[in-house]
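Below is one structure, written out as structure tokens; comments come after it.
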Amino acid sequence: MGLKFRTIGIERLRVINDGAGITTLVAGHGCPLRCKYCLNPQYFEQPGPVAEYTVEELIREVAIDDLYFQATGGGVVFGGGEPLLQADFIHAFRQQCPKEWKISLESSLAVPGTELEKVIDDIDFFLIDIKDMNGEIYQNYTGRSNENVIQNLKRLVEANKVTQTTIRIPLIPGFNTETDRQESIKYLQEMGFLFFDPFRYEVELALGKRKAVKNHK
Ligand code: SF4
8 MGLKFRTIGI ERLRVINDGA GITTLVAGHG CPLRCKYCLN PQYFEQPGPV
58 AEYTVEELIR EVAIDDLYFQ ATGGGVVFGG GEPLLQADFI HAFRQQCPKE
108 WKISLESSLA VPGTELEKVI DDIDFFLIDI KDMNGEIYQN YTGRSNENVI
158 QNLKRLVEAN KVTQTTIRIP LIPGFNTETD RQESIKYLQE MGFLFFDPFR
208 YEVELALGKR KAVKNHK
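If you read the sequence shown in the numbering used here, its first letter stands for residue 8, the second for the next number, and so on.
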């Protein structure tokens, strides 16, 4: 049986935050993290509201916007959840889709390095959400260690991908501060990264339910 991508949704005609051009987001199912303010816990619920596509099926599905991709320098964004959990599929997709399509990856990099290596030369734009570079803050917020994240950031630097990489750095109420965020930026600049997208999670406590809104600044 061929590779299949497990997705919880496909969103067409996106024009922001995806690198360049008009893009289609393909949101992968599954995530190794458990962020306290996760907007979409269905990303990792089992079995979850999932559709599956072979490479050929997904190319057919997104090719409806081929003209937009080619005219604007856009393409397909693999997001999630954590799309690197399905790195073999992304590699196969890149091999078979039109060469003019740009492929972006929205990832936390919280996966073993072997998975990033599978696609590192397939990706045109990397959009990385590192949460916070402080290991303790990261552990408190995601429930996991950020060791894989740090190793994978080093891989991006070693593979000369910094000019294709934007790092998202959230201000997470109750978990980090502006000072922590500046520390993260400094750490990443020392590694060699150039482009950052600071934003804040706005959290409302209402009826005992937490709601987080990504608010880009
Ligand atoms: S990385 Fe994203 S999908 Fe995964 S738990 Fe965190 S917010 Fe949710």
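In this text, a Cβ means the ideal position worked out from N, Cα and C, and glycines have one as well.
| Just reading off the alpha helix (DSSP H) that F100 is part of, what are its end residues? | To locate residue 100, count along the sequence shown from 1; it is residue 93. Counting along the chain, the alpha helix (DSSP H) containing F100 begins and ends at 94 to 103.
| request: Would you be able to state if there are at least three C-beta pairs under 8 Å between the segment 191 to 198 and the segment 55 to 64? | output: With the cut-off at 8 Å, the segment 55 to 64 and the segment 191 to 198 do not touch.
| request: Could you pull out every residue in the same chain whose Cβ sits closer than 6 Å to the Cβ of N183, ignoring the five residues on either side in sequence? | output: Reading the sequence shown from its first residue, position 176 is the one you call residue 183. Closer than 6 Å at Cβ, skipping near neighbours: D139, I144.
| Beta-carbon spacing of N153, V118 below 8 Å | As a first step, residue 153 must be located in the sequence shown, where it is residue number 146. As a first step, residue 118 must be located in the sequence shown, where it is residue number 111. Contact: no.
| field | Through-space distance from Q103 to R67, alpha-carbon basis | value | Within the sequence shown, residue 67 is the residue found at index 60, counting from 1. Within the sequence shown, residue 103 is the residue found at index 96, counting from 1. Using only the alpha carbons, I get a separation of about 11 Å.
| said: Less than 8 Å between the C-beta atoms of T14 and G35, yes or no? | reply: Counting from 1 along the sequence shown, the entry for residue 14 is found at position 7. Counting from 1 along the sequence shown, the entry for residue 35 is found at position 28. When the beta-carbon positions are compared, T14 and G35 come within less than 8 Å of each other.
| Counted within 10 angstroms of its Cβ, other Cβ atoms place E209 as buried (16 or more) or exposed | As a first step, residue 209 is located in the sequence shown; it is residue number 202 there, counting from the start. By the 10 Å Cβ count, E209 comes out exposed.
| said: Please return the same chain residues whose Cβ sits closer than 8 Å to the Cβ of R41, not counting the five positions on each side in sequence. | reply: Reading the sequence shown from its first residue, position 34 is the one you call residue 41. Cβ neighbours of R41 beyond the five flanking positions: F51, T149, G150, R151.
| message | Among L10, L65, T79, Q171, whose alpha-carbon lies nearest the alpha-carbon of A94? | response | Counting from 1 along the sequence shown, the entry for residue 94 is found at position 87. It is L10 whose Cα lies nearest to the Cα of A94.
| query | Can we count S111 as close to ligand 1, meaning its CB is less than 7 Å from some heavy atom? | reply | For this step, residue 111 is matched to residue 104 along the sequence shown. S111: no, Cβ never under 7 Å from ligand 1.
| field | Whether L123 touches R175 by CB criterion (8 Å) | value | Indexing the sequence shown from 1 puts residue 123 at position 116. Indexing the sequence shown from 1 puts residue 175 at position 168. No, Cβ-Cβ distance for L123 and R175 is not below 8 Å.
| task | Determine which residues share a DSSP beta bridge with K161 and list them. | result | Translated into positions along the sequence shown, residue 161 becomes position 154. DSSP, once it has assigned bridges, lists no residue as partnering K161.
| query | Sorted by chain position, which residues of the same chain lie with C-beta nearer than 7 Å to N159's C-beta, five sequence neighbours on each side aside? | reply | Here residue 159 refers to the residue found at position 152 when the sequence shown is read from its first residue. Within the same chain, N159 has close Cβ partners L116, G120, L123.
| task | Assign L212 to buried or exposed, taking buried as 16 or more other Cβ atoms, counted over all protein chains shown, within 10 Å of its Cβ. | result | If you number the sequence shown from 1, residue 212 lands on position 205. A caution first: L212 carries a pLDDT of 45, below 50, which makes its placement in the model unreliable, though a value can still be read off. That one is exposed.
| request: Assuming F132 contacts P177 (C-beta within less than 8 Å), just tell me the rounded distance between them. | output: Here residue 132 refers to the residue found at position 125 of the sequence shown. Here residue 177 refers to the residue found at position 170 of the sequence shown. Actually they are not in contact, since the Cβ atoms of F132 and P177 sit about 19 Å apart, beyond 8 Å.
| task | Leaving out five residues on either side along the sequence, give the residues of the same chain with a beta carbon under 6 Å from the beta carbon of R188. | result | The count along the sequence shown starts at 1 and reaches residue 188 at position 181. Counting only Cβ-Cβ distances below 6 Å, and skipping sequence neighbours, we find I176, L178.
| said: So, at 6 Å on beta carbons, what are the nonlocal neighbours of S191 in its own chain, with the 5 sequence-adjacent residues on each side left out? | reply: For this step, residue 191 is matched to residue 184 along the sequence shown. Excluding positions up to five away in sequence, the list reads D139, M140, I176.
| Hey, I130 and I110 are a contact pair by Cβ (cut 8 Å); roughly how many whole angstroms apart? | Numbered from 1 along the sequence shown, position 123 holds the residue referred to as residue 130. Numbered from 1 along the sequence shown, position 103 holds the residue referred to as residue 110. Right, the Cβ-Cβ distance comes to about 6 Å (below 8 Å), so this counts as a contact.
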